[in-house]
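Scroll down for the structure; my scribbles are underneath it.
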DNA sequence: AGGCGTACCTGAGGGC
DNA sequence: TGCCCTCAGGTACGCC
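Residue numbers (our numbering): 52 to 288.
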């Protein structure tokens, strides 16, 4: 999915029009009037920036879409991990993506069913986009802290009660982060170039050696599936 | 199937 | 100052 580093669809977009902008998991979906979609994966440092006519080139811009009124949509990315792909009408580009964690279908029971029998650490499970689409490293860490669950616990070993707590925590964290327009830990800004606010609400992410907001013991950083993992050894079990 | 390691990139920050 | 090391909102691919 999204294999093109240097999009070659420039000419194909000429004359088309943006009909709507949406999201599926972590992918931004720009729906075009032609029925096609421009699907964007920001990965670690990617940004979509709307710029007025004549604005200076945004740093690390890789792709620019220019509209008839001169407005531009810039796709900028220091690390160039981000991807942009033109998807044809009815193409099932998201077939491998899992359930939306804020959808009605995502009940505690549904979460339990997805985790049943899985021996993978619950944090690794949360990051697997084929199971649940849209939870990243920050929100997995925050939700597990909120639920009082140790990140290495095998997903399939959680009790019904703990699954319910994890489910509630995930939705709480995601809703609040969306309300606050995201986490600007370092580079992230929205399409208007504005930083989000959730970095001020982080309880564990990036806070090695700081006091756990619940019990006061120092938080630790460990590594799980090659990802930094912040948690409290005392109150996450 | 599923789980694990590696590759892809650049810049910031800390230690010496 | 500057070099070297580690780390960072993620995903795809290949191997067992």
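Glycine included, each C-beta is placed from N, C-alpha and C at the ideal position.
How many Å lie between residue i and residue j at the Cα?
| i | j | result |
| --- | --- | --- |
| residue 185 | residue 66 | 32 Å |
| residue 91 | residue 126 | 9 Å |
| residue 83 | residue 71 | 7 Å |
| residue 370 | residue 190 | The first residue shown for the chain is 52 and the last is 288, placing residue 370 beyond what the model contains. |
| residue 101 | residue 134 | 17 Å |
| residue 132 | residue 197 | 30 Å |
| residue 283 | residue 194 | 12 Å |
| residue 96 | residue 103 | 22 Å |
| residue 285 | residue 168 | 26 Å |
| residue 116 | residue 64 | 9 Å |
| residue 112 | residue 240 | 14 Å |
| residue 74 | residue 261 | 35 Å |
| residue 164 | residue 287 | 22 Å |
| residue 263 | residue 205 | 23 Å |
| residue 80 | residue 280 | 29 Å |
| residue 166 | residue 62 | 45 Å |
| residue 152 | residue 200 | 18 Å |
| residue 124 | residue 227 | 27 Å |
| residue 78 | residue 130 | 18 Å |
| residue 265 | residue 221 | 18 Å |
| residue 203 | residue 145 | 28 Å |
| residue 136 | residue 114 | 12 Å |
| residue 268 | residue 149 | 35 Å |
| residue 170 | residue 180 | 17 Å |
| residue 270 | residue 118 | 48 Å |
Does DSSP classify residue i as helix, strand or coil?
| i | result |
| --- | --- |
| residue 117 | strand |
| residue 129 | coil |
| residue 102 | strand |
| residue 20 | Outside the shown range of the chain, which is 52 to 288, sits residue 20, and nothing can be said about it. |
| residue 297 | Because the chain here runs from 52 to 288, residue 297 falls outside it and cannot be looked at. |
| residue 256 | coil |
| residue 135 | strand |
| residue 175 | helix |
| residue 191 | helix |
| residue 206 | helix |
| residue 52 | With a pLDDT of 35 at residue 52, under the threshold of 50, the modelled position of this residue cannot be trusted, and the question is left open. |
| residue 285 | coil |
For residue i, which option in the options has the closest C-alpha, if you only look at C-alpha atoms?
| i | options | result |
| --- | --- | --- |
| residue 242 | 83, 122, 76 and 59 | 122 |
| residue 236 | 188, 178, 141 and 207 | 188 |
| residue 155 | 219, 240, 129 and 279 | 219 |
| residue 138 | 60, 244, 223 and 226 | 60 |
| residue 141 | 104, 88, 164 and 204 | 88 |
| residue 147 | 76, 256 and 255 | 76 |
| residue 128 | 145, 94 and 106 | 94 |
| residue 106 | 268, 244 and 179 | 244 |
| residue 86 | 143, 118 and 124 | 143 |
| residue 224 | 79, 181, 256 and 81 | 256 |
| residue 120 | 68, 78 and 114 | 68 |
| residue 258 | 192, 208 and 238 | 192 |
Tell me the residue span of the beta strand (DSSP E) that contains residue i.
| i | result |
| --- | --- |
| residue 71 | 69-75 |
| residue 211 | Per DSSP, residue 211 belongs to no beta strand (DSSP E); it is in the alpha helix (DSSP H), 211-230. |
| residue 83 | 78-83 |
| residue 274 | 271-275 |
Alpha helix (DSSP H) containing residue i: first to last residue?
| i | result |
| --- | --- |
| residue 279 | First-last for residue 279: 278-282, but that is the beta strand (DSSP E), not the alpha helix (DSSP H). |
| residue 165 | 159-166 |
| residue 64 | 61-64 |
Taking three-plus beta-carbon pairs below 8 Å as touching, is the segment 220-232 in contact with the segment 246-256? The segment 220-232 vs the segment 246-256: in contact.
Check whether the segment 170-185 and the segment 275-288 are in contact - that is, three or more C-beta pairs closer than 8 Å. yes
Segment contact, 8 Å Cβ cut-off, at least three pairs: the segment 155-163 with the segment 207-227: yes
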